[in-house]
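Working notes for the structure below.
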Amino acid sequence: MMPAAKVLIIDALGDCSLKAAQVLMPEGLSILAAGNREKASQMMAVDRPDLIVADCSVERDPLTWVREAHRLDRPAQIIAVADGPDCSLAMEWVAGGVFNVLARPLDERRLHRLTLTALENHETFRSLIA
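Per the numbering used here, the sequence shown runs over residues 8 to 137.
What follows is the structure, encoded as structure tokens:
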């Protein structure tokens, strides 16, 4: 049996973690949560997540997460969560290479669909470099 995919939720407000756990736990995913940058960095190094759902407000420089995620021996996919549909910070994340962006309030169906797609992409990437 394959181990459950690990999803790290980096969330200063706590709403993403709660919603993600409700939406993704039935999929059998392992949900990890961090409320700040330091905890997130530790968890990335130790737990090696397959997917990172990152609150834009936790880290102002999107390239920080992209670099950290890609330093892992199994680079993680990233989904950014913005404070609203016109969040200029989300555009910085996209410019930094994070192409999966969700706006608050989180839509459960979009979160579910985007998570499963990102995990499929992650698995495809891993199989190509294996």
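Glycine is no exception: its CB is placed at the ideal position from the N, C-alpha and C atoms.
Which of helix, strand or coil DSSP assigns to residue i
i    : result
A110 : strand
A102 : helix
V73  : helix
A97  : helix
A89  : strand
E127 : helix
Closest residue to residue i among the options (Cα-Cα distance)
i    : options                 : result
S24  : T124, D62, I136 and R55 : D62
L113 : L15, P10 and V30        : V30
P10  : A27, R74, V60 and E34   : E34
L121 : Q49, V60, L39 and I17   : V60
L15  : A41, S134 and N107      : A41
E127 : I17, L58 and E99        : L58
A102 : S134, S37 and V73       : V73
V65  : G21, A52, M32 and K26   : G21
K46  : I17, A28, A27 and M32   : I17
R116 : S134, L135 and A27      : A27
G104 : A52, Q49 and T71        : T71
Anticipated Cβ contact below 8 Å, residue i with residue j, distance rounded
i    : j    : result
P56  : A83  : 5 Å
N43  : A19  : 7 Å
L123 : L109 : Actually they do not touch by this definition, with Cβ atoms about 14 Å apart.
C-beta contact flag for residue i and residue j at 7 Å
i    : j   : result
L36  : D54 : no
N107 : A89 : no
A76  : I85 : yes
Any C-beta of chain B under 7 Å from that of residue i
i   : result
M50 : The question asks about chain B, but that chain is absent: this structure has only one protein chain.
Any alpha helix (DSSP H) of 4 or more consecutive residues that is wholly inside the region 12 to 62 | You should have 22 to 31 and 44 to 54.
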